[in-house]
Amino acid sequence: MRHKRESALVWLFKRMLVLLVILSVFAVVWLRSGVVSLEYSLSSLQKEKAGLMKENKLLAADRANLMSFERFEKTADEGFVVPDRMKVVYVRKADDKTPRTVALNSGESYLSPARLLKKIMD
Amino acid sequence: MRGRALILGIAVTCAYIAVVTRLVDVMLISHNWYAARALDQQVKKQEIPVKRGIIMDRRGRELAVNIDTESVYCNPSEITSPTTVASALSRGLNKNPDVILAKLTPNRKFTWLERKADVEYVDKVRALKVKGVGFQSESKRLYPRGKLASQILGYVDIDNNGLEGVERTYDKKLTSLSEAVRVVKDARGNVLSDGQQREIKGNNVRLTIDEGLQYIMEKNLDSAMTSRQAAAAVGIMMDPHTGEIFAMAVRPTYDPNNPADFRPSLRRNRAITDVFEPGSTFKIIVGTAALEEKVVKPETRFDCSAGYIEIGGGKINDAHRHGVLTFQEVIQKSSNVGTIQIALKLGRNRVYEYLKRFGFGDRTGIDLAGEVSGLVRKPNHWSGMSIGAIAIGQEVAVTPLQIVRAYSAIANGGYLVRPHIVSEVMSPDGQVVYKPELMKKKILSEGTVRVFRDMLKTVTEEGGTAIDAAVDGNQVAGKTGTAQQIDPGTRRYSKDKYVSSFVGFVPADNPKLAMIIVVYEPKGEIYGGIVAGPVFRKTASEALSYMSVPRDDAREKGLQVVSSLQQPDAGVK
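Residue numbers (my numbering), protein chains in the order written: chain A, 1265 to 1386; chain B, 5 to 577.
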């Protein structure tokens, strides 16, 4: 009786082993196929990325062309005009901590740029 | 029934044994051979595309970039009917079928149909679905600013090798060595990606030029070319203290996007490759040498009343007859007679010594391909007339860059600087890998520089030869030059071909820029003060405004009050 039970266990074990081997083979094949499929997907995404990068570079080149001075000159009604230096007030910070302060004439108390502008406008 | 089952069993077993035997052969016995064959078919070598670094101006504006294009190739051995294919391709692409047919000759394995083709072209060819025709991705150089700074930038050939300008000089830094990787491909040639996208990038180059200043210079040279109906024009603007070139323009010019459409002479950077006799701008040599050697003082007087001087058996005239002139007036009025008298006081050896001291006859060392050294003969090869001719800028051949460098020495306190066009070279990740060394050599004393600078200021004042070069708001120090060109036919001075120039720096006492304008063969007026002077004035005026340089009289006019006593920085960093 005991012998019979043992042989049934061996029988079951053998079949399970065979099943395991078959499943392992399928798992390996399935995994491998998954990797290949992923590689195809990656390749396709890379192609898409390359396409977008290509477009990006073209747009960047286009932007560089549109930002050229020649383009400004053609687009602007009055062409390229540099500022009239008689209408420019140069302001320089004394240091990084002090706010910008200016005055119209030397000797005058210093004003903030906004107040100076108001004074000029008045 | 049992017999049949037995036969079937035996057959299945035999088939099974056959399959297993074959599997054993494929997987064990001949495994290496099959593995090698599979590897050979699936794994291919693929070149990693090399992208040339970009070239930008000093503020980072792109002047040369890359775009991705496709090239069309074919394998003629795969094409069964070349005539039909050539005909189909020519119909779709408006190309001569004979030209295409010539490329489809069957004894070749690979031939390009079109390199770096337009998108429309590629789409049309792709739509034809011709067997044996393939597509290869390639990087194409593009100059988005068109003709701007074309002589500086240069251009590349179809394989992206630099041929001229910065593209040539910095070719090795802009590009990198090509590498190849192994990729796995399927039976249809599709790549099985490993997830890595590889690209080799060259270093980026930042120039010293400023697009705004370059544009101002080019626009004004264009105007001069039109108004003076000149054959050519050159303009150089540089920082006299560091030798950084802000702008360098040559007219006529070309488009580096299509260099083959233009004559080779238009692609030449005349500012460094072409020499000319400078005329009166060369009087800086004798003038500074005389002061440095204490041969004259500003108030030393010279009799120029004859209007000519005889020297070495020849006669050299003044453009206008003057009376007795002081040394200062000799420079202001650009008297040939006075200058030659000073040169004779110096003697040929000292004149030659100062010529060399200012770097004439040697290359300036600018980092651009094709620079020439000019022509300066040694004193033992001079004729009796040479000392007079050389003193007034004849019998020497110089480049515009050499002249503006010489005047920069007056502007910067007596130092000869090395002009340069590249500010820095950066790796693709932004690290600075190269920065040119500032090279300068003391050639004149402070005293000489101060006195001669004051003399040059008078040139643009009332009584000087270049009132038209004066800039509103800032004092200009400079000198005019008018020189006859040599007629190549007669090998004598031409009677109607002149080179008019003006070179100077501004603001005179605190120079922010040194500039030379050279106009070749102007029609009508020929004098440097009249032809090149106004171009200098307009260009300098716009450049100073662009650079935010205050007027000299800003404080008096109440235009500028700053919270510290320092002047604001110029816009150009």
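Cβ coordinates follow ideal geometry from the N, Cα and C atoms, glycine included.
Span separating the alpha-carbon of residue i from that of residue j
{"i": "Gln488(B)", "j": "Val334(B)", "result": "21 Å"}
{"i": "Lys107(B)", "j": "Val134(B)", "result": "15 Å"}
{"i": "Phe306(B)", "j": "Gln345(B)", "result": "8 Å"}
{"i": "Glu51(B)", "j": "Arg210(B)", "result": "28 Å"}
{"i": "Leu1283(A)", "j": "Trp1275(A)", "result": "12 Å"}
{"i": "Trp1294(A)", "j": "Val195(B)", "result": "20 Å"}
{"i": "Ser1370(A)", "j": "Pro440(B)", "result": "Interpretation of Ser1370(A) is limited by its pLDDT of 49, a score under 50 that renders its predicted location unreliable; the figure taken from the coordinates is listed afterwards. Roughly 42 Å between the two C-alpha positions."}
{"i": "His35(B)", "j": "Asp29(B)", "result": "7 Å"}
{"i": "Trp116(B)", "j": "Leu1322(A)", "result": "24 Å"}
{"i": "Ala300(B)", "j": "Ala294(B)", "result": "With the sequence shown as reference, residue 300(B) is identified as Val, and Ala is not the correct amino acid for it. Val300(B) and Ala294(B): Cα-Cα distance of roughly 6 Å."}
{"i": "Gly1315(A)", "j": "Ser141(B)", "result": "11 Å"}
{"i": "Pro572(B)", "j": "Glu1342(A)", "result": "Per-residue confidence for Pro572(B) stands at a pLDDT of 37, beneath the threshold of 50, marking its modelled position as unreliable; the derived number appears in the next sentence. Whole-angstrom Cα-Cα distance: 29 Å."}
{"i": "Gly392(B)", "j": "Ser338(B)", "result": "14 Å"}
{"i": "Asn321(B)", "j": "Leu1330(A)", "result": "53 Å"}
{"i": "Pro80(B)", "j": "Asp214(B)", "result": "49 Å"}
{"i": "Asp557(B)", "j": "Asn478(B)", "result": "8 Å"}
{"i": "Ser567(B)", "j": "Pro554(B)", "result": "Caution is warranted here: a pLDDT of 43 is assigned to Ser567(B), below 50, making its placement in the model unreliable, and no coordinate value can be reported."}
{"i": "His385(B)", "j": "Ser412(B)", "result": "29 Å"}
{"i": "Val1346(A)", "j": "Ala264(B)", "result": "35 Å"}
{"i": "Val355(B)", "j": "Gly57(B)", "result": "46 Å"}
{"i": "Gly369(B)", "j": "Val475(B)", "result": "31 Å"}
{"i": "Val507(B)", "j": "Phe456(B)", "result": "14 Å"}
{"i": "Phe1344(A)", "j": "Asn224(B)", "result": "12 Å"}
{"i": "Asn98(B)", "j": "Glu375(B)", "result": "43 Å"}
{"i": "Thr285(B)", "j": "Thr462(B)", "result": "14 Å"}
{"i": "Asp122(B)", "j": "Asp102(B)", "result": "21 Å"}
{"i": "Leu167(B)", "j": "Phe266(B)", "result": "15 Å"}
{"i": "Lys287(B)", "j": "Gly247(B)", "result": "22 Å"}
{"i": "Arg422(B)", "j": "Ala92(B)", "result": "59 Å"}
{"i": "Val85(B)", "j": "Gly136(B)", "result": "Correcting the residue type first, residue 85(B) is Ser in the shown sequence and not Val. Roughly 11 Å separates the two Cα atoms."}
{"i": "Val239(B)", "j": "Gly467(B)", "result": "It should be noted that the sequence gives Gly, not Val, for residue 239(B). Approximately 26 Å, taken between the alpha carbons."}
Terminal residues of the beta strand (DSSP E) in which residue i lies
{"i": "Gly482(B)", "result": "481 to 490"}
{"i": "Ser142(B)", "result": "The residue you asked about is not Ser; residue 142(B) is Glu in the sequence shown. Per DSSP, Glu142(B) belongs to the beta strand (DSSP E) from 137 to 146."}
{"i": "Met551(B)", "result": "Per DSSP, Met551(B) belongs to no beta strand (DSSP E) and is neither H nor E."}
{"i": "Met519(B)", "result": "517 to 524"}
{"i": "Gln50(B)", "result": "47 to 52"}
{"i": "Tyr438(B)", "result": "436 to 438"}
{"i": "Tyr419(B)", "result": "419 to 421"}
{"i": "Glu466(B)", "result": "Where Glu466(B) is concerned, there is no enclosing beta strand (DSSP E), given that its DSSP letter is neither H nor E."}
{"i": "Ala184(B)", "result": "183 to 189"}
{"i": "Lys444(B)", "result": "444 to 446"}
Residue i: first and last residue of the uninterrupted alpha helix (DSSP H) it sits in
{"i": "Glu428(B)", "result": "Per DSSP, Glu428(B) belongs to no alpha helix (DSSP H); it is in the beta strand (DSSP E), 426 to 430."}
{"i": "Thr73(B)", "result": "Element bounds for Thr73(B): not the alpha helix (DSSP H) but the beta strand (DSSP E), 66 to 78."}
{"i": "Ser498(B)", "result": "Not the alpha helix (DSSP H): Ser498(B) falls in the beta strand (DSSP E), residues 497 to 510."}
{"i": "Ala410(B)", "result": "404 to 415"}
{"i": "Val400(B)", "result": "Val400(B) -> no alpha helix (DSSP H), and no H or E assigned at all."}
{"i": "Lys177(B)", "result": "175 to 178"}
{"i": "Val24(B)", "result": "6 to 28"}
{"i": "Gln155(B)", "result": "154 to 157"}
{"i": "Ile58(B)", "result": "Ile58(B) -> no alpha helix (DSSP H), and no H or E assigned at all."}
{"i": "Val535(B)", "result": "532 to 535"}
8 Å contact criterion, which residue i and residue j should meet: CB distance rounded
{"i": "Gly316(B)", "j": "Gly388(B)", "result": "3 Å"}
{"i": "Gly418(B)", "j": "Leu448(B)", "result": "4 Å"}
{"i": "Tyr550(B)", "j": "Leu157(B)", "result": "Going by Cβ atoms, the distance from Tyr550(B) to Leu157(B) rounds to 21 Å, so no, they are not a contact pair."}
{"i": "Tyr258(B)", "j": "Ser154(B)", "result": "6 Å"}
{"i": "Ile396(B)", "j": "Thr343(B)", "result": "6 Å"}
Given a limit of 9 Å on CB to CB distance, which residues of the segment 151 to 181 of chain B reach chain A?
-> Those residues of the segment 151 to 181 of chain B that come within reach of chain A (Cβ to Cβ, closer than 9 Å) are Lys151, Leu152.
Ranges of the alpha helix (DSSP H) found wholly within the segment 278 to 333 of chain B, counting only runs of at least 4 = Under the rule that a run must span 4 or more residues, the alpha helix (DSSP H) segments found entirely inside the segment 278 to 333 of chain B read 287 to 296.
Contact residues within the segment 1277 to 1297 of chain A, judged by C-beta distance below 9 Å to chain B | Answer set for the segment 1277 to 1297 of chain A: empty.
Ordered list of alpha helix (DSSP H) runs contained in the segment 86 to 123 of chain B, each at least 4 residues | Listed in chain order, the alpha helix (DSSP H) runs fully inside the segment 86 to 123 of chain B are 86 to 97, 101 to 107, counting runs of at least 4 residues.
Between the segment 475 to 504 of chain B and chain A, which residues of the former have a C-beta closer than 7 Å to a C-beta of the latter?
-> Flagged, chain order: Gly477.
Between the segment 215 to 242 of chain B and chain A, which residues of the former have a C-beta closer than 7 Å to a C-beta of the latter?
-> Per Cβ criterion, the list reads Glu215, Gly216, Tyr219.
Report the residue ranges of all beta strand (DSSP E) runs contained in full by the segment 202 to 256 of chain B; include only those spanning at least 3 residues, in chain order.
-> DSSP runs (the beta strand (DSSP E)) wholly in the segment 202 to 256 of chain B: 208 to 211, 236 to 242, 249 to 255.
Within the segment 323 to 395 of chain B, ranges of the beta strand (DSSP E) (whole runs, at least 3 residues) = Unbroken beta strand (DSSP E) runs of no fewer than 3 residues, entirely contained in the segment 323 to 395 of chain B, are found at 328 to 330, following chain order.
Sequence ranges, alpha helix (DSSP H) only - wholly within the segment 1283 to 1352 of chain A, length at least 4 = The alpha helix (DSSP H) runs of length 4 or more contained entirely in the segment 1283 to 1352 of chain A are, from start to end of the chain, 1333 to 1339.
Can you list, in chain order, the residues of the segment 40 to 69 of chain B whose Cβ is nearer than 9 Å to any Cβ on chain A?
-> So the close ones are Arg65, Glu66, Leu67, Val69.
Along the segment 1299 to 1310 of chain A, what residues have a CB closer than 7 Å to any CB found in chain B?
-> Close to chain B, meaning a Cβ-Cβ distance shorter than 7 Å, are the following residues of the segment 1299 to 1310 of chain A: Val1300, Glu1303, Tyr1304, Leu1306, Ser1307, Gln1310.
Mind listing which residues of the segment 1332 to 1349 of chain A have their C-beta closer than 8 Å to chain B's C-betas, in chain order?
-> Cβ contacts with chain B come from Ser1332, Phe1333, Glu1334, Glu1337, Phe1344, Val1346, Pro1347, Asp1348, Arg1349.
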